[in-house]
Amino acid sequence: MEWDWQYSSDVLPDLLRGLRYTLTATLLGYVIAVTLGLVWALLRRTPNVVVAQAVRWATEFIRCTPLIPQLFFVYYVLPAWGLTIGSLTAGIITLGVHYSTYTAEVYRAGIADVPRGQWEAATALNLPRSRVWLDVILPQAVRRVIPTLGNYLIAMFKDSPLLLVINVTELLNTAYREGAESLRFLEPITMVGLLFVLISVPASIFVRRLEKRYAAH
Amino acid sequence: MPPTDTEPGSPTADPRVCEAPGVRFEKVVKRFGSTTVLRELDFTVAPGERVTLIGPSGSGKTTILRLLMTLERPDGGLIWVGDDTLWHMERGGGRVPANQKHLHEMRKRIGMVFQQFNLFPNMNVLRNLTEGPMRVLGLPKDEAVERARGLLDMVGLADRIDAHPSRLSGGQQQRVAIARALAMEPKVLLLDEVTSALDPELVVGVQDLLRDIARESDLTLLCVTHEMTFAKDISDRVMMFDQGQIVEEGPPEQIFGEPSEQRTRDFLQAVLAS
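Residue numbers (the numbering used here), protein chains in the order written: chain D, 366 to 582; chain X, 149 to 422.
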């Protein structure tokens, strides 16, 4: 089978449109993941044991089930209860919530890493609880976990093709459709791989730089 | 403070007018797991008095400071700061465990300097000094900055106002930490082995500073240290602890010069030998 350059350049615009959906889903999902993850991490530390345990088990459950059934659940099961959402939205939310259970663990570790002396100094200064978190603990905790959070962005990007199971026309889905139509899969599928590499590799280099920068402190 | 019965050996209050509250421990118990660190400990520190706590490690000295700073919760007894109990509040004629609001009010009277400085590394020196006054005391920014500048002048670090703690030497960090504690204008200051983590050549600067503060302020001072010369210089009274109990107490000249207890002699010998 020979590489067909003409065919490649014909499908490229469609693939790039698919890539746009991939990037949209990844980035919006990531915003949900890093925000919600922090909420989980903080809720797990509330003095209210019921809330803390409920959050703990809910996040544990989500983290221990695969993404595809979760996508099916949000896209196919929720409408039965009157909650219908578009496939892209369903994909973004599921991806974001799924990964928020991982970022929650990252934040949790980051918070636990802040030395006890910092809490004690904040108490000795009589700072109110909200200020202890906002001014003292979180700035130090988040700084420590920025590289790890960066890695999760790349992981989410690479997991985003799973959204094709609920018909999101992201990159892989687009390529598959092109291939099925022309019965030529070599070019579109290879190009999908290349496009992923083109974005993942610079992103990895960037994250490694972050690691170096934040490890220094 | 409740009427204190003057037990033998207990200090008579300084006659000079003093705003600072005294401190009194009444049958205070503290356990960590199955170990009892303090068993029904009683002692009084008069308003404006400067007391040094000495004794072998594990004797409960640091625990006393940590109970006063509300970093540890007592398992029994009462701790008085001025006329109020620290860990309890009056309710309907009785005493109930303190809530956060009560603790917040009580903490305003107390400041602490730690062995490991514990400056906030994510803030520069200025912000370390203004954070408390602005967020807790509600000072406007310019006033908080002015107060910080004054204190940094006093500790000799006015030129490092924009530096981050990681750029400072241990001695400088501890001087900033002292300024940070003083910025809250506490009435009772707790010093927990403040020079133990410092390189030997930096100890003197911090000690000189604290000597000046002890001399010029009317703070009630509780100091845990292993530096006996320093203890002699800054304290009105020295209390020797062992296993959560006061072994003996008295003016520094007496405790260091002619201790009456064998345990004190042994301890002082061990410290001097090291």
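Heads up, the beta-carbon is just placed ideally off N, CA and C, and yes, glycines get one too. The structure displayed is predicted, hence computed values, not measured ones.
Residue(s) in a DSSP beta bridge with residue i
{"i": "X/R243", "result": "X/E238"}
{"i": "X/F180", "result": "X/T183"}
{"i": "X/T368", "result": "X/V336"}
{"i": "X/T129", "result": "An answer regarding residue 129 of chain X cannot be provided, because it is not within the stretch 149 to 422 covered by chain X."}
{"i": "X/E174", "result": "X/L226"}
{"i": "X/V386", "result": "X/T200 and X/G398"}
CA nearest to the CA of residue i, picked from the options
{"i": "X/V244", "options": "X/G398, X/Q263, X/L226 and X/D231", "result": "X/L226"}
{"i": "D/F426", "options": "D/V562, D/S465 and D/L407", "result": "D/S465"}
{"i": "X/H312", "options": "X/D301, X/N266, X/K335 and X/E291", "result": "X/N266"}
{"i": "D/V376", "options": "D/Q505, D/V530, D/W446 and D/E546", "result": "D/E546"}
{"i": "D/R428", "options": "D/P567, D/D369 and D/A398", "result": "D/A398"}
{"i": "D/A477", "options": "D/M366, D/L490 and D/V507", "result": "D/V507"}
{"i": "D/L384", "options": "D/A486, D/F550 and D/P526", "result": "D/P526"}
{"i": "X/D139", "options": "X/T343, X/D366 and X/L367", "result": "The structure shown does not extend to residue 139 of chain X, since chain X spans only 149 to 422, so no value can be given for it."}
{"i": "X/I310", "options": "X/N276, X/D381 and X/W235", "result": "Sequence check: residue 310 of chain X is Asp here, not Ile. Nearest option by C-alpha distance: X/N276."}
{"i": "X/Q402", "options": "X/A379, X/A421 and X/D390", "result": "X/A379"}
{"i": "X/T278", "options": "D/I502, D/A487 and D/R494", "result": "D/A487"}
{"i": "D/P512", "options": "D/P480, D/V462, D/E576 and D/A540", "result": "D/E576"}
{"i": "D/Q435", "options": "D/I458, D/L392 and D/E543", "result": "D/I458"}
{"i": "X/T377", "options": "X/G398, X/V352 and X/E364", "result": "X/V352"}
{"i": "X/A329", "options": "X/G242, X/L367 and X/I382", "result": "X/L367"}
{"i": "X/E174", "options": "X/Q393, X/V419 and X/G405", "result": "X/Q393"}
Helix, strand or coil at residue i according to DSSP, with G and I counted as helix
{"i": "X/V193", "result": "strand"}
{"i": "X/P159", "result": "For X/P159, the pLDDT reaches just 45, beneath the cut-off of 50, and the residue's location in the model is therefore unreliable, leaving the point undetermined."}
{"i": "X/I258", "result": "strand"}
{"i": "X/Q393", "result": "strand"}
{"i": "D/E576", "result": "helix"}
{"i": "X/E279", "result": "helix"}
{"i": "X/E188", "result": "strand"}
{"i": "D/I531", "result": "helix"}
{"i": "D/F438", "result": "helix"}
{"i": "D/W368", "result": "coil"}
{"i": "D/I450", "result": "coil"}
{"i": "X/P151", "result": "Bear in mind that the predicted position of X/P151 carries a pLDDT of just 48, short of 50, making it too unreliable to give a figure here."}
{"i": "D/N538", "result": "helix"}
{"i": "X/E349", "result": "helix"}
{"i": "X/H374", "result": "coil"}
{"i": "X/H312", "result": "coil"}
{"i": "X/V342", "result": "coil"}
{"i": "D/F550", "result": "coil"}
{"i": "D/R385", "result": "helix"}
CB of residue i within 8 Å of CB of residue j, strictly
{"i": "D/L380", "j": "D/M556", "result": "yes"}
{"i": "X/L251", "j": "X/T218", "result": "yes"}
{"i": "X/F415", "j": "X/P204", "result": "yes"}
{"i": "D/S452", "j": "D/N532", "result": "yes"}
{"i": "X/Q223", "j": "X/R179", "result": "For clarity, residue 223 of chain X is Asp in the given sequence; the question names Gln instead. It is a contact, given that the beta carbons lie within the stated cut-off."}
{"i": "D/L408", "j": "D/V396", "result": "no"}
{"i": "X/P288", "j": "X/M332", "result": "no"}
{"i": "D/T411", "j": "D/A417", "result": "yes"}
{"i": "X/F191", "j": "X/M387", "result": "yes"}
{"i": "D/E535", "j": "D/T387", "result": "yes"}
{"i": "X/V199", "j": "X/L370", "result": "yes"}
{"i": "D/V510", "j": "D/G475", "result": "yes"}
{"i": "X/P334", "j": "X/R413", "result": "no"}
{"i": "X/R283", "j": "D/R496", "result": "yes"}
{"i": "X/L213", "j": "X/L234", "result": "no"}
{"i": "X/R385", "j": "X/E397", "result": "yes"}
Chain B residues whose Cβ lies nearer than 7 Å to that of residue i
{"i": "D/G482", "result": "Absent from the structure: chain B. Protein chains present are D and X."}
Exercise. Is the stretch 468–480 of chain D touching the stretch 400–408 of chain D in the sense that three or more CB pairs, one from each, lie closer than 8 Å?
Worked result: Taking a contact to require three or more Cβ pairs closer than 8 Å, the stretch 400–408 of chain D and the stretch 468–480 of chain D qualify as touching.
For this session: Answer yes if the stretch 320–338 of chain X comes into contact with the stretch 300–309 of chain X, meaning at least three C-beta pairs across the two stretches below 8 Å, and no otherwise.
Result: Taking 8 Å as the limit for Cβ pairs, the verdict is that the stretch 320–338 of chain X does touch the stretch 300–309 of chain X.
Exercise. Per the contact definition of three or more C-beta pairs closer than 8 Å, is the stretch 509–525 of chain D in contact with the stretch 565–581 of chain D?
Worked result: As far as the Cβ criterion goes, the stretch 565–581 of chain D touches the stretch 509–525 of chain D, which means the pair count is three or higher.
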